[in-house]
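In this note's numbering, the protein residues as written are 22 to 509.
A virtual CB, placed ideally from N, CA and C, is assigned to each residue, including glycine.
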């Protein structure tokens, strides 16, 4: 396949994936708004307590083997079958471990309800283990449209289940049912839309290279997970389910969509960059992908950070006003996290899982320490410690990969800095308006939200009009998006 055809396929795949992800994020936003008005913060806090601790099992369940299967230069039928059974076996074992941990979790948080919640969620490990290689196969074969269908329809159907239970006054069981339904529908859709069905265990299939790749990646992901969830664990244990519920809604509003956009971006970037890792065009594709990711996401996060007092009340209601400060704090950290995602692409595409592990061993303890220090004072400072650590990790990551052959580290740093400067004026204008509104309350929340959007768009347009470099970035992203839509 030629470089130009790679570009066309990556562009088309990126657009299809992004369309699907926009639909998925829209579903999540609808879920956030509807369930926030049907359930109490305490219900979300209970669910977050379980997910923050047992969610580490989801990282172990994958074992890095989905990325290993996608990144590999070649993958035989026997190897693929064997990876399926390994992931499924790990999922079964983790489900049993999760169920056995239920009493300990209830004791840790002093909430007896967590026993039943944890046991009810344990089958998701097996279900997700069964679907792992089906989704990895769709990704490897660059079947992005089918993958987008799986990742869009499953959350929609799960939301229907969750809302139905909530309307029946199911309380936190609505959230449990939603997670179980998501795992079931993801498996069913992955099997139905995939061109592959697993065979039996093949002893002669050598999967040791995949296990080595996966083990390094697993260790990195475990460190990442521990550092990303230490905030929820500490806030829940120290300040209770109510505070954790407010924090968790902010996290779901900001960090979850960002992670969900990165996941399909990796699905497109990894197979594309892995095939180009020895090509002189590698740097060009990295910079193009970075610009396509940074500009829309940082623009969105700049708006979230600035408008949070208006946004939270307008979408979730007055009961959730305490989440607004968390939204602002986490949005700032999410901007840096988006920048770090591009560094992660380099580690995976170049097969540098060992270097990625060393980087994680340096940076993730910093994050954990900063969160713990903040939690000594308040949940707000715990969130601030989380975001501050992300701001440290972004430039450090670019510095870390500066000597990797073919990596345009200096250009990546300038791309990021330029994008930040582009959104700053509009964010400052909207933040001033939102602060005035929160103090005066002169307008209904939804009108204030519309005015915030208009102010942001006008201020952003002024920046584009007076800064040619920012305007070139905007034209580049718009052109690629338009071309991708045509090919989709």
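{"query": "What number of angstroms, rounded off, separates the C-alpha of residue 56 from the C-alpha of residue 167?", "result": "28 Å"}
{"query": "For the putative contact between residue 245 and residue 82, defined by C-beta atoms under 8 Å, what is the C-beta separation to the nearest angstrom?", "result": "Contact doesn't hold; Cβ gap of about 15 Å is too wide."}
{"query": "State buried or exposed for residue 490, treating a residue as buried only when at least 16 other CB atoms are found within 10 Å of its CB.", "result": "exposed"}
{"query": "Decide if residue 363 is buried, meaning its Cβ has at least 16 other Cβ atoms within 10 Å, or exposed.", "result": "buried"}
{"query": "When we look at the beta-carbon of residue 131 and count the other beta-carbons within 10 Å, is it buried (16 or more) or exposed?", "result": "exposed"}
{"query": "Give the range of the alpha helix (DSSP H) segment to which residue 83 is assigned.", "result": "77-83"}
{"query": "Secondary structure at residue 193, three-state DSSP: helix, strand or coil?", "result": "coil"}
{"query": "Consider the Cβ of residue 315: report whether some Cβ of chain C lies at a distance smaller than 7 Å.", "result": "No chain C is present in this structure, which holds just one protein chain."}
{"query": "Grab me the residues of residue 474's own chain with a C-beta within less than 6 Å of its C-beta, minus the 5 sequence neighbours each way, in chain order.", "result": "none"}
{"query": "With DSSP run on the structure shown, which of helix, strand or coil describes residue 62?", "result": "helix"}
{"query": "Which class does residue 433 belong to by DSSP, given the choice of helix, strand or coil?", "result": "helix"}
{"query": "Would you mind reading off the limits of the alpha helix (DSSP H) that contains residue 298?", "result": "Here residue 298 belongs to no alpha helix (DSSP H), and DSSP marks it neither H nor E."}
{"query": "Within the same chain, show all residues whose beta-carbon is closer than 6 Å to that of residue 495, passing over the 5 residues directly before and after it, in chain order.", "result": "485"}
{"query": "Going residue by residue through the segment 144-213, where are the continuous beta strand (DSSP E) segments of at least 3 residues, counting only ones entirely within it?", "result": "none"}
{"query": "Which of helix, strand or coil does DSSP assign to residue 238?", "result": "helix"}
{"query": "I'd like to check one pair, residue 89 with residue 231: are the Cβ atoms closer than 7 Å?", "result": "yes"}
{"query": "Below 7 Å between beta carbons: does that hold for residue 321 and residue 286?", "result": "no"}
{"query": "Can you tell me where the alpha helix (DSSP H) with residue 330 in it begins and where it stops?", "result": "303-337"}
{"query": "Going by Cα to Cα distance, which pick from 60, 217, 185, 64 is closest to residue 100?", "result": "217"}
{"query": "Quick one: is residue 68 buried, meaning 16 or more other Cβ sit within 10 Å of its Cβ, or exposed?", "result": "buried"}
{"query": "The alpha helix (DSSP H) spanning residue 370 covers which residue range?", "result": "345-370"}
{"query": "Which residues mark the beginning and the end of the alpha helix (DSSP H) in which residue 101 is found?", "result": "98-121"}
{"query": "Roughly how many angstroms separate the alpha carbons of residue 155 and residue 106, rounded to a whole number?", "result": "11 Å"}
{"query": "Tell me whether residue 421 sits in a helix, a strand or coil according to DSSP, three-state version.", "result": "helix"}
{"query": "With 16 other CB atoms within 10 Å as the buried threshold, where does residue 222 fall?", "result": "exposed"}
{"query": "Taking only the alpha-carbon atoms, compute the straight-line gap between residue 304 and residue 498 and give it to the nearest angstrom.", "result": "17 Å"}
{"query": "Kindly indicate the opening and closing residues of the alpha helix (DSSP H) around residue 385.", "result": "374-396"}
{"query": "Are there three or more Cβ pairs, one per stretch, closer than 8 Å when the segment 330-340 is compared with the segment 253-260?", "result": "no"}
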